[in-house]
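Working notes, beginning with the structure itself.
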Amino acid sequence: MISNPVIFYISAFILIFCAILSVCLKNVIYSLLASVLVFFDAALLFYVLGSEYNAIIQASIYGFAVPVIIGVSIMFTGRDAKKHKAFTLPYITILCGGIFVLAFLYIIMISILAMPDTFNLQELVQVSAFDTLSAFAKGLFVNYVWAFELVSLLLTIVIAGITMFNQKRGGIK
Amino acid sequence: MIGMYHYLFLGLALFVIGLLGSVCAKNVIKVLIAIEFLLTGVNINFITFATFCDNANFDGYITGLFYTGLGAVELAIALYIFYLMYQKKKSDNIEKYSEL
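As they're listed, the protein sequences go chains A and B. Quick note on numbering: the first sequence equals residues 1 to 173 in our numbering. Quick note on numbering: the second sequence equals residues 1001 to 1100 in our numbering.
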């Protein structure tokens, strides 16, 4: 685990700011781009927390695959995309977002100042990469093997089901 | 020093933003994006607890993996349903999707 306050605060600010931006922007394309930043930033946080595998999966699925799916669906349905302006943030949204960001920074600063010196659970976490890998392997293929197989089956059913259902309807028009 | 509560609060903030976005957004695709924010906030909490509290088994990491995969599946199905309904409604405004 990387315990660097600068990395955490910068990534937390980008995460919150881009999430607010993604929710508030009216243009779906810009909203999607802001959400991609949020997902990559979440992957960075996973890496900082010490979970490299979750970071890679988050970046590959939510950073690349999900935006492609959403982008394709926007292409299929974006007939009135030109009607939206690029930035249509109302002032009240900007004001609420600014207050939220300031409150967020204030609460983090207060929590740092109020934290007792004895509260440092990070010292208890001393795990090597091999231990993490073996714990992952044990978790996936021993403890949660049925859940793993069920998720794999569910993914296969979804792919095959959507393909068959779409072929019955005559394909995408 | 960055502790567990910082990450938990960050996950909570992302969860709240996703919740507000999924309730308030008018566009169907933006609602789905906001739901993904919600899932990512929960995922941050899982991994935070696994890092700080579970030093041996990392169950939170495994749950996060499943959560990521199921979230992608849910998004794909939701987008397909949206596409099928869009062919009839010809609009991405969520107020016109009151019936399945």
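Glycine residues also receive a C-beta, built at the ideal position from the N, C-alpha and C atoms.
Distance from the CA atom of Val38 (chain A) to the CA atom of Ala147 (chain A), rounded to whole angstroms, is 28 Å. Taking 8 Å as the Cβ-Cβ cut-off, the stretch 1007-1040 of chain B approaches chain A at Tyr1007, Phe1009, Leu1010, Ala1013, Leu1014, Ile1017, Gly1018, Leu1020, Gly1021, Cys1024, Ala1025, Asn1027, Ile1029, Lys1030, Leu1032, Ile1033, Ala1034, Glu1036, Phe1037, Thr1040, given in chain order. Between Ala1034 (chain B) and Val23 (chain A) a beta carbon distance of about 6 Å is seen, short of the 8 Å cut, so the two are scored as contacting. Note on Thr163 (chain A): under 16 other CB atoms within 10 angstroms of its CB, so exposed under the neighbour-count rule. Using a CB distance below 8 Å, the part of the stretch 1054-1067 of chain B facing chain A consists of Asn1055, Ala1056, Asn1057, Phe1058, Asp1059, Tyr1061, Ile1062, Gly1064, Leu1065, Phe1066, ordered along the chain.
Closer than 8 Å to the CB of Tyr1097 (chain B) there is not a single CB belonging to chain A.
Distance from the Cα of Asn54 (chain A) is smallest, within the candidate group B:Thr1068, B:Ile1002, B:Val1073, B:Gly1041, for B:Thr1068.
For Asn1093 (chain B), the three-state secondary structure derived from DSSP is strand. Pairing Ile74 (chain A) with Thr1048 (chain B), the inter-Cα distance amounts to about 34 Å. CA-CA distance, Met1 (chain A) to Ile29 (chain A), rounds to 34 Å.
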